[in-house]
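Counting from 786, one number per residue, gives the positions in the sequence shown under the numbering used here. A virtual CB, placed ideally from N, CA and C, is assigned to each residue, including glycine. Here is the structure we will look at, set down as structure tokens.
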Amino acid sequence: MGGSEAQVEFVSEAPEPRLLAVDWIHGSPSAKHNTDPDIQVHAYDEHTFILRQNMAVNYEAPFLFLIFGNSRAVLIDTGATESAQFLPLRRVVDDLIGRWLAQHPRDDYALLVLHTHGHGDHIAADAQFTDRPRTTVVRADRNSAWGYFGFADDPDRVARVDLGGRELECLATPGHHEAAITYYDPHTGFLLTGDTVYPGRLYVEDWHAFGRTVDRLIAFTDTRPVTHVLGCHIEMTNEPGVDYPVRTTYQPDEPPLQMTVSQLRSIREAMDEIGGRPGRPGRHVFPGFIICNGDG
786 MGGSEAQVEF VSEAPEPRLL AVDWIHGSPS AKHNTDPDIQ VHAYDEHTFI LRQNMAVNYE
846 APFLFLIFGN SRAVLIDTGA TESAQFLPLR RVVDDLIGRW LAQHPRDDYA LLVLHTHGHG
906 DHIAADAQFT DRPRTTVVRA DRNSAWGYFG FADDPDRVAR VDLGGRELEC LATPGHHEAA
966 ITYYDPHTGF LLTGDTVYPG RLYVEDWHAF GRTVDRLIAF TDTRPVTHVL GCHIEMTNEP
1026 GVDYPVRTTY QPDEPPLQMT VSQLRSIREA MDEIGGRPGR PGRHVFPGFI ICNGDG
């Protein structure tokens, strides 16, 4: 970056919580007649965007995150659909970057593509970015992702990704997936938890690792101001303990995406209630989430 380019001053003190009362696209009674955009874009602020994939394109309807710094942006996850025809993620991201650069001109602006974990509904559109100029795509398998962050040598470290005046803190958080990573953004106070924590079915692959991850996230948030805990799906209804069935493509009664640090503590308490090592297998229902352990 040239020295003459105006630098955005990102908040380094405690972030101010912003209202996140968003009417997310949530499918329709007839997928054939769905009129929602392929990707919904919500600007949390002028440097931070939350995207949701259309449920009619894929029932997983994952959330993605695009975060801008002075020297590069990061896209966290690429959705559940490979085809650019049905999920034009590259076009949407390029448009958002173009608009941001129009307001904050600079040369050689880069894009980094990272992931919360390696399940297919979070990595499907990676190939849309592999030939994009000034773009680095970090694969989501454990060797690639943990190698990039240095977790292979020290899984307890807090890695940092510098976007240029905006630095994300990154933690290895296995349990749902062996290569899961959680991201903390000091500018917004977002804790991006992928499929580890979200208002839905928390599928536990490794009970011990999942418990250790929840404990680590609680300890981490004790020393950081967190405004919103943001996972990548909504699967619950507004009725406590009731979720939408798997493969549902119409969810008109969704709770908010955002969760709280107190709900992290509720997950720890729920695990203690389930008890056992490696935890009782099955589906364990709680008001704001469901823990699915092993064959659950």
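* To do: Please confirm if the region 992-1010 is in contact with the region 924-933, defined as three or more CB-CB distances below 8 angstroms between the two stretches.
  => no
* To do: Scan the region 980-1066 and note each continuous alpha helix (DSSP H) run of 4 residues or more that stays entirely inside, going in chain order.
  => 992-1006 and 1046-1059
* Asked: Are the region 857-877 and the region 900-915 touching by the rule of at least three beta carbon pairs closer than 8 angstroms?
  -> yes
* Asked: For Asn-1078, which three-state DSSP category applies?
  -> Position 293 of the sequence shown, counting from 1, holds the residue named residue 1078. Strand at Asn-1078.
* Below 9 angstroms between beta carbons: does that hold for Leu-953 and Tyr-969? -> Start at 1 with the first residue of the sequence shown, and residue 953 comes out as number 168. Start at 1 with the first residue of the sequence shown, and residue 969 comes out as number 184. Between Leu-953 and Tyr-969, the gap from beta carbon to beta carbon is short of 9 angstroms.
* Asked: Is it the case that the Cβ atoms of Ile-861 and Leu-1042 are separated by a distance below 9 angstroms?
  -> As a first step, residue 861 must be located in the sequence shown, where it is residue number 76. As a first step, residue 1042 must be located in the sequence shown, where it is residue number 257. Cβ atoms of Ile-861 and Leu-1042: not closer than 9 angstroms.
* Asked: With contact counted as at least three CB pairs below 8 angstroms, one residue from each stretch, are the region 1030-1040 and the region 995-1009 in contact?
  -> The region 1030-1040 is not in contact with the region 995-1009.
* Taking only runs of the alpha helix (DSSP H) that begin and end inside the region 826-891, which ones reach a length of at least 4 residues, in chain order? -> 874-888
* Simplified DSSP state of Ala-930, which is helix, strand or coil -> For the purposes of this step, residue 930 is taken as the residue at position 145 of the sequence shown. Assigned with DSSP and collapsed to three states, Ala-930 falls in helix.
* Asked: Apart from the five residues just before and just after Ala-799, which ones in its own chain have a Cβ nearer than 8 angstroms to its Cβ?
  -> Working through the sequence shown from its first residue, we reach residue 799 at position 14. Only Gly-974 and Pro-1010 meet the Cβ criterion.
* To do: State the start and end residues of the unbroken beta strand (DSSP E) segment that holds Ala-944.
  => Position 159 of the sequence shown, counted from the first residue, corresponds to residue 944. Per DSSP, Ala-944 belongs to the beta strand (DSSP E) from 944-947.
* Rounded distance between the beta-carbons of Val-826 and Phe-834, thought under 8 angstroms -> To locate residue 834, count along the sequence shown from 1; it is residue 49. To locate residue 826, count along the sequence shown from 1; it is residue 41. Sure, about 6 angstroms apart at Cβ, within 8 angstroms.
* To do: Could you name the residues of the same chain whose beta carbon sits closer than 6 angstroms to that of His-832, not counting the 5 residues immediately before and after it, in chain order?
  => On the sequence shown, residue 832 is found 47 positions in, with the first residue counted as 1. Taken in chain order, the residues that qualify are Phe-853.
* Asked: Got a sec, what are the start and stop residues for the beta strand (DSSP E) Tyr-894 sits in?
  -> Locating residue 894 in the sequence shown gives position 109, where the first residue counts as 1. Note, Tyr-894: premise wrong, no beta strand (DSSP E); not H, not E.
* Identify which residue in Asn-855, Ala-957 and Thr-866 has its Cα closest to the Cα of Asp-892. => Taking the first residue of the sequence shown as position 1, residue 892 is located at position 107. Comparing Cα-Cα distances from Asp-892 to each of Asn-855, Ala-957 and Thr-866, the minimum goes to Asn-855.
* Relative to the alpha-carbon of Asp-808, which residue among Leu-836, Phe-914, Glu-790 and Asp-1007 has its alpha-carbon at the smallest distance? -> Here residue 808 refers to the residue found at position 23 of the sequence shown. Here the closest residue by C-alpha is Leu-836.
* Leaving out the 5 sequence neighbours to the left and right, which residues in its chain are closer than 7 angstroms to Tyr-844 when beta-carbon positions are compared? -> Walking along the sequence shown from the start, residue 844 turns up at place 59. For Tyr-844, the CB contacts under 7 angstroms within the same chain, skipping 5 residues up- and downstream, are Arg-1032, Thr-1033 and Thr-1034 in chain order.
* **N- and C-terminal bounds of the beta strand (DSSP E) containing Ala-957** => Start at 1 with the first residue of the sequence shown, and residue 957 comes out as number 172. Per DSSP, Ala-957 belongs to the beta strand (DSSP E) from 952-957.
* To do: Find out if the Cβ-Cβ distance for the pair Leu-896, Arg-857 is shorter than 9 angstroms.
  => Position 111 of the sequence shown, counted from the start, is the residue given in the question as residue 896. Position 72 of the sequence shown, counted from the start, is the residue given in the question as residue 857. Yes, the pair counts as a contact, with Cβ atoms nearer than the cut-off.
* Closest residue to Gln-1048 among Ile-824, Ala-965 and Leu-1015 (Cα-Cα distance) -> Along the sequence shown, read from residue 1 onward, the residue named residue 1048 stands at position 263. Out of Ile-824, Ala-965 and Leu-1015, Leu-1015 has the C-alpha closest to the C-alpha of Gln-1048.
* **For Arg-1068 and Pro-1030, the rounded distance between their alpha carbons** => Taking the first residue of the sequence shown as position 1, residue 1030 is located at position 245. Taking the first residue of the sequence shown as position 1, residue 1068 is located at position 283. Their Cα atoms are separated by approximately 13 angstroms.
* To do: Look up Phe-1071 in the DSSP assignment and say whether it is helix, strand or coil.
  => Indexing the sequence shown from 1 puts residue 1071 at position 286. In this structure, Phe-1071 counts as strand in the three-state DSSP scheme.
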